[in-house]
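Engineer: Going down the list, the sequences are from chains A and B.
To convert a position in the first sequence, counted from 1, into my numbering, add 4.
To convert a position in the second sequence, counted from 1, into my numbering, add 899.
Supplied in structure tokens, the structure appears directly below.
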Amino acid sequence: MSLLGIAWRNIRHRPLTSGLTVFSLALGVALVVATLITGAIVRQAFESGSGLGYNMIVGAKGSPLQLVLNSVYYISRPIENISWELYTEFLPADGRSDARAGRFASSVENAVPICMGDYFRGWRVVGTNAAMFDRLRRGAGEPFRFAAGRNFRDEAFFEGVLGAAVAAETGLGVGDSFAPTHGADDGLEHDPFIVAGVLAATDTPVDRGVFVNMEGFFLQEGHAKPIEDESGEAGPEPAGPVDPSAGPVPLPESRREVTAILVETASLPGLPPELTSMGLRNVINEGRDGQAVLPVAEIRQLLDLFVWPLERLLLLLTVLVVIVSAVGILVSMVGSSLERTRDVAIMRALGARRSHVLLTVLLEGILLAGCGGLAGWLLGHLVVGLIGPWIATNAGVSAGVLSAAPGAELLLVPLLVVLAVAAALLPAVAAYRTDVARWLQGPG
Amino acid sequence: MNRPVIELIDVRKSFTLPGGEPVPVLDVGHFAVEPGEQVALEGHSGSGKTTLLNVISGIMRPDAGRVMLDGIDLASLPEPGRDRLRAERLGMVFQQFNLLPAFTAAENVLVAMAFASGRPDRRRAEELLESVGLSHRLGHRPSSLSVGEQQRVAVARALANRPRVILADEPTASVDPAHQQQVIDLIQDTCRRHEVGLVVVTHAPEVASQFPRRLRIESFNRAAVIPTGGGA
Chain A
5 MSLLGIAWRN IRHRPLTSGL TVFSLALGVA LVVATLITGA IVRQAFESGS
55 GLGYNMIVGA KGSPLQLVLN SVYYISRPIE NISWELYTEF LPADGRSDAR
105 AGRFASSVEN AVPICMGDYF RGWRVVGTNA AMFDRLRRGA GEPFRFAAGR
155 NFRDEAFFEG VLGAAVAAET GLGVGDSFAP THGADDGLEH DPFIVAGVLA
205 ATDTPVDRGV FVNMEGFFLQ EGHAKPIEDE SGEAGPEPAG PVDPSAGPVP
255 LPESRREVTA ILVETASLPG LPPELTSMGL RNVINEGRDG QAVLPVAEIR
305 QLLDLFVWPL ERLLLLLTVL VVIVSAVGIL VSMVGSSLER TRDVAIMRAL
355 GARRSHVLLT VLLEGILLAG CGGLAGWLLG HLVVGLIGPW IATNAGVSAG
405 VLSAAPGAEL LLVPLLVVLA VAAALLPAVA AYRTDVARWL QGPG
Chain B
900 MNRPVIELID VRKSFTLPGG EPVPVLDVGH FAVEPGEQVA LEGHSGSGKT
950 TLLNVISGIM RPDAGRVMLD GIDLASLPEP GRDRLRAERL GMVFQQFNLL
1000 PAFTAAENVL VAMAFASGRP DRRRAEELLE SVGLSHRLGH RPSSLSVGEQ
1050 QRVAVARALA NRPRVILADE PTASVDPAHQ QQVIDLIQDT CRRHEVGLVV
1100 VTHAPEVASQ FPRRLRIESF NRAAVIPTGG GA
């Protein structure tokens, strides 16, 4: 029988005390694991959003952070719409009805409009054009890939593309149709769109988006800008045909608005792209039509101001919980020290060295911590799995049982061992110092 | 002639009172136990028998003299060396049996093996328990064993590491008179079968009388306190 076996047997000899100690520690570790994973998921989600292939967002004046959260992460509410005219200022001559390049066209590589406000079974519906996936790049410059089907075509007004998470969750595939609702899940149901393709997973907010052709989006009830007549009253909605087979008529530009424009600025000769974007941002922000924000800067600020401090605070609290749980190990082991002292004296009389009994008690603490740690680790993942839908709804990131924060979770192992050794040290030293002669002394 | 398994030469041990005054408890000129010999040591309270056992087992270090266990001077060894020698050359049977309550009968024997240099041998542990008539109680914990069965486990445990000699401290003190003879027979027979020496400390004359060699501790411990009134 090894020292480990002796330690394990001692633990099993006190099932209630040992069980409660393990349970208490498991709760603490579960909290730490859940916090670590949630923090890592949120951080990874925000950081991945900073490499979506565009470096500027133009939207209505208001909170820059709200514009980023809405446009990049599909959370929070849109501020307001901006005019179609402002969008066309980013287009080259061949993209405009007047065949003249827009004011900002020379500073722009790509400008993709997005229109928001509709939902499909809780997922955000984004009206856009085919350039969203044909021209923008994701992450480190990779093109968007399709797990099934293809990108929607600009001329097919009622086609759409699903993000990987949406397709997995809804079960929709290429050729299926879906009808977005206006403003909320229980809002007015719009005309159906056909799924042209399903995007491969990107581990970015794009996975959670339902992307439809902006032209079809414009034709839905409540999406056209009201016409104001000379009396200043809003005119009727356009009577545009919505039957795809009949060939819909595009909404006139005068009645169009977009929620935001995703801009990839051009690299001007001799100038780094950062300078282009800074100059363009300043020009736009000096005007009255909208604001331009640099998402990376906003995300960095968001992380620095809120996410990281909050994560650190939560982690500190949960580490304190684990330390309290470790004190539970100490209390448990000190509580059984009288019984242990007798056992230690017997083992010493049988020839156990002081180092043997010291190690046995330390192993007992490490085993308790190990069991509590393992149970807590599993429980932590289970908790993340259970609150995953809540996180997805409120923070816009997907989380499940298998979500992990590998580096931080691995750090838990040495932390637990150190805590266990620290907690078991006092009873271990007491065992080390046990006076065998005194404890075995009989009469005479 | 074989060397003694236990030999004490000019051994002295004193305790210090709270006031700093030393009180001698052991002063032995010479005491030896030959291999396979069975010896009964009788002594009244204060004769120094507990200290004698602690010194022979290496739990205590004498102030002076040599304590030879199987030819090795215990007094010259550091504590870990004495612990190891005790685990490998000496078997201990205690008055209260002192079995470990968390462990089964077989595991109590295995635990003793864990502190010697060899690997714990479950087969041997089971054979030892079978040899004391406990083959049907291998997986039972001390709390579910009778007093007599606990004593048998203690004897089997003492033999775990093939010791040269077994020290038994009042092995019949916790046993009712009807079973005392069984305990003595068990220990004596087992030691004979395993060719192991036996030193039994007892205050019971009827126990001591069954040993071929019977000594009063006062006869060789010059520091023993002689009780007034002449009681034993």
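We put the beta carbon where it would ideally sit given N, CA and C, even for glycine.
Predicted, not measured: the structure shown is a model, and the values here were computed from it.
#1: Between valine 1010 of chain B and chain A, is any beta-carbon pair separated by less than 8 Å?
#2: Just the chain A side, please: which residues come within less than 7 Å of methionine 959 of chain B by C-beta, in chain order?
#3: Does the distance from the CB of proline 1070 of chain B to the CB of valine 1010 of chain B come in under 8 Å?
#4: DSSP state of glycine 980 of chain B, grouped into three classes?
#5: Glutamate 1006 of chain B versus chain A: which residues are under 8 Å apart at the beta carbon?
#6: Per the DSSP calculation, isoleucine 908 of chain B is bridged to which residue(s)?
#7: Starting from proline 979 of chain B, find everything on chain A with Cβ-Cβ shorter than 7 Å and list it in chain order.
#8: How big is the Cα-Cα spacing for serine 329 of chain A and leucine 314 of chain A?
#9: Do you know how far the Cα of tryptophan 88 of chain A is from the Cα of serine 281 of chain A?
#10: Spell out whether any CB of chain A is found under 8 Å from the CB atom of phenylalanine 1014 of chain B.
#11: For the alpha helix (DSSP H) that glutamate 1048 of chain B lies in, which residues bound it at each end?
#12: Short of 8 Å Cβ to Cβ, which residues in the stretch 379-398 of chain A face chain B?
#13: Smallest Cα separation from leucine 266 of chain A: which of A/Leu73, A/Phe221, A/Leu334 and A/Gly355?
#14: Answer yes if the stretch 333-346 of chain A comes into contact with the stretch 409-428 of chain A, meaning at least three C-beta pairs across the two stretches below 8 Å, and no otherwise.
#15: According to DSSP, what are the bridge partners of proline 117 of chain A?
#16: Between the alpha carbons of arginine 1040 of chain B and proline 1062 of chain B, how many angstroms are there, rounded?
#17: In whole angstroms, what is the alpha-carbon distance linking arginine 13 of chain A and asparagine 1007 of chain B?
#18: Is it buried or exposed, asparagine 997 of chain B, if we count other Cβ atoms within 10 angstroms and call 16 or more buried?
#19: Hey, out of A/Gly57, A/Ile118 and A/Ala408, whose CA is closest to glycine 43 of chain A's CA?
#20: Pull up the distance between the alpha-carbon of isoleucine 1086 of chain B and that of proline 977 of chain B, whole angstroms please.
#21: Leaving out five residues on either side along the sequence, give the residues of the same chain with a beta carbon under 8 Å from the beta carbon of alanine 204 of chain A.
#22: Counting pairs of Cβ atoms below 8 Å between the stretch 211-225 of chain A and the stretch 128-145 of chain A, do you hit three or more?
#23: What does the Cβ neighbour count give for serine 1042 of chain B, buried or exposed, with the cut at 16 atoms within 10 Å?
#24: On the criterion of 16 or more Cβ atoms from any shown chain inside 10 Å, does serine 28 of chain A qualify as buried, or is it exposed?
#25: Could you tell me which residues DSSP pairs with tryptophan 127 of chain A in its beta bridges?
#26: Is it a yes or a no for the stretch 1109-1119 of chain B touching the stretch 932-944 of chain B, going by three-plus beta-carbon pairs under 8 Å?
#27: Out of curiosity, what's the CA-to-CA distance linking glycine 380 of chain A and glycine 374 of chain A?
#28: Could you tell me the distance, in whole angstroms, from the CA atom of glutamate 1025 of chain B to the CA atom of aspartate 1075 of chain B?
#29: In terms of alpha-carbon separation, which member of A/Asp211, A/Arg81 and A/Asp98 lies closest to alanine 188 of chain A?
#30: Does any C-beta atom of chain B lie closer than 8 Å to the C-beta of methionine 351 of chain A?
#31: Let me know if proline 184 of chain A comes out buried or exposed under the rule of 16 or more other beta-carbons within 10 Å of its beta-carbon.
#32: Give the straight-line distance between the Cα atoms of aspartate 122 of chain A and valine 253 of chain A, rounded to the nearest whole angstrom.
#33: Ignore the nearest five residues each way along the sequence and tell me which others in leucine 973 of chain B's own chain have a CB closer than 7 Å to its CB.
#34: Is it buried or exposed, aspartate 347 of chain A, if we count other Cβ atoms within 10 angstroms and call 16 or more buried?
#35: Would you grab the beta carbon distance between phenylalanine 197 of chain A and glycine 164 of chain A for me? Rounded to a whole angstrom, and I think it's under 8 Å.
Structural biologist: Considering the structure as presented:
#1: Along the second sequence, one-based indexing puts residue 1010 of chain B at 111. Cβ-Cβ to chain A under 8 Å: yes for valine 1010 of chain B.
#2: Counting from one through the second sequence, the residue named residue 959 of chain B turns up at place 60. What methionine 959 of chain B touches in chain A, judged by beta-carbon distance under 7 Å, is Ala441, going in chain order.
#3: Locating residue 1070 of chain B in the second sequence gives position 171, counting from the first residue. Locating residue 1010 of chain B in the second sequence gives position 111, counting from the first residue. No, Cβ-Cβ distance for proline 1070 of chain B and valine 1010 of chain B is not below 8 Å.
#4: Here the question's residue 980 of chain B lines up with position 81 in the second sequence. Assignment of glycine 980 of chain B by DSSP, reduced to helix, strand and coil, places it in the helix class.
#5: In the second sequence, counting from the first residue as 1, residue 1006 of chain B sits at position 107. Here the neighbours are Met5 and Arg13.
#6: To locate residue 908 of chain B, count along the second sequence from 1; it is residue 9. Answer by DSSP bridge pairing, in chain order: B/His929 and B/Arg965.
#7: The residue labelled residue 979 of chain B in the question sits at position 80 within the second sequence. When 7 Å is used as the limit between beta carbons, proline 979 of chain B is near these residues of chain A: Arg357, in chain order.
#8: Residue numbering aside, residue 329 of chain A sits at position 325 when the first sequence is read from its first letter. Residue numbering aside, residue 314 of chain A sits at position 310 when the first sequence is read from its first letter. Each residue's Cα considered, the two are about 23 Å apart.
#9: Within the first sequence, the letter at position 277 stands for residue 281 of chain A. Within the first sequence, the letter at position 84 stands for residue 88 of chain A. Their Cα atoms are separated by approximately 21 Å.
#10: Start at 1 with the first residue of the second sequence, and residue 1014 of chain B comes out as number 115. Yes, phenylalanine 1014 of chain B counts as interfacial toward chain A.
#11: Translated into positions along the second sequence, residue 1048 of chain B becomes position 149. It spans 1046-1057 - the alpha helix (DSSP H) in which glutamate 1048 of chain B sits, taken as one unbroken run.
#12: Within the stretch 379-398 of chain A, no residue places its CB atom closer than 8 Å to a CB of chain B.
#13: Along the first sequence, one-based indexing puts residue 266 of chain A at 262. Measuring from the Cα of leucine 266 of chain A, the nearest candidate turns out to be A/Leu73.
#14: As far as the Cβ criterion goes, the stretch 409-428 of chain A touches the stretch 333-346 of chain A, which means the pair count is three or higher.
#15: Position 113 of the first sequence, counted from the start, is the residue given in the question as residue 117 of chain A. Per DSSP, A/Ile265.
#16: Translated into positions along the second sequence, residue 1040 of chain B becomes position 141. Translated into positions along the second sequence, residue 1062 of chain B becomes position 163. Cα to Cα, arginine 1040 of chain B sits roughly 24 Å from proline 1062 of chain B.
#17: Numbered from its first residue, the first sequence carries residue 13 of chain A at position 9. Numbered from its first residue, the second sequence carries residue 1007 of chain B at position 108. Roughly 11 Å between the two C-alpha positions.
#18: Along the second sequence, read from residue 1 onward, the residue named residue 997 of chain B stands at position 98. It counts as buried.
#19: Position 39 of the first sequence, counted from the first residue, corresponds to residue 43 of chain A. Taking the Cα of glycine 43 of chain A as reference, the smallest distance to any Cα among A/Gly57, A/Ile118 and A/Ala408 is reached at A/Ala408.
#20: As a working mapping, residue 1086 of chain B is identified with position 187 in the second sequence. As a working mapping, residue 977 of chain B is identified with position 78 in the second sequence. Whole-angstrom Cα-Cα distance: 31 Å.
#21: For this step, residue 204 of chain A is matched to residue 200 along the first sequence. Residues Phe148, Arg149, Phe150, Ala151 and Ala168 of the same chain have their beta carbon placed closer than 8 Å to that of alanine 204 of chain A, with the five preceding and five following residues left out of the count.
#22: By the C-beta criterion, the stretch 211-225 of chain A is judged to be in contact with the stretch 128-145 of chain A, since at least 3 inter-stretch pairs fall below 8 Å.
#23: On the second sequence, position 143 is the one that residue 1042 of chain B refers to. That one is exposed.
#24: Position 24 of the first sequence, counting from 1, holds the residue named residue 28 of chain A. With 16 or more other Cβ atoms from the protein chains shown falling within 10 Å of its own Cβ, serine 28 of chain A counts as buried.
#25: Stepping through the first sequence from its first residue, residue 127 of chain A is reached at position 123. Per DSSP, the beta bridge partners of tryptophan 127 of chain A are A/Phe124.
#26: Flag = yes, the stretch 1109-1119 of chain B and the stretch 932-944 of chain B touch.
#27: What you label residue 380 of chain A is simply residue 376 of the first sequence in a count that begins at 1. What you label residue 374 of chain A is simply residue 370 of the first sequence in a count that begins at 1. Rounded to whole angstroms, glycine 380 of chain A to glycine 374 of chain A spans 10 Å at the Cα level.
#28: Here residue 1025 of chain B is taken as the residue at index 126 of the second sequence, counted from 1. Here residue 1075 of chain B is taken as the residue at index 176 of the second sequence, counted from 1. Approximately 27 Å between the Cα atoms of the pair.
#29: As a working mapping, residue 188 of chain A is identified with position 184 in the first sequence. Cα-wise, what sits closest to alanine 188 of chain A is A/Arg81.
#30: For the purposes of this step, residue 351 of chain A is taken as the residue at position 347 of the first sequence. Yes, methionine 351 of chain A lies at the interface with chain B (some Cβ there is under 8 Å from its Cβ).
#31: Taking the first sequence and counting its residues from 1, one reaches residue 184 of chain A at position 180. That one is buried.
#32: Counting from 1 along the first sequence, the entry for residue 122 of chain A is found at position 118. Counting from 1 along the first sequence, the entry for residue 253 of chain A is found at position 249. Spanning the two alpha carbons is a distance of roughly 21 Å.
#33: Here residue 973 of chain B is taken as the residue at index 74 of the second sequence, counted from 1. Gly957, Val966, Arg981 and Leu984.
#34: Taking the first sequence and counting its residues from 1, the one referred to as residue 347 of chain A is at position 343. Aspartate 347 of chain A comes out buried.
#35: In the first sequence, the residue the question calls residue 197 of chain A occupies position 193. In the first sequence, the residue the question calls residue 164 of chain A occupies position 160. By a beta-carbon distance limit of 8 Å, phenylalanine 197 of chain A contacts glycine 164 of chain A. Their separation comes to about 4 Å.
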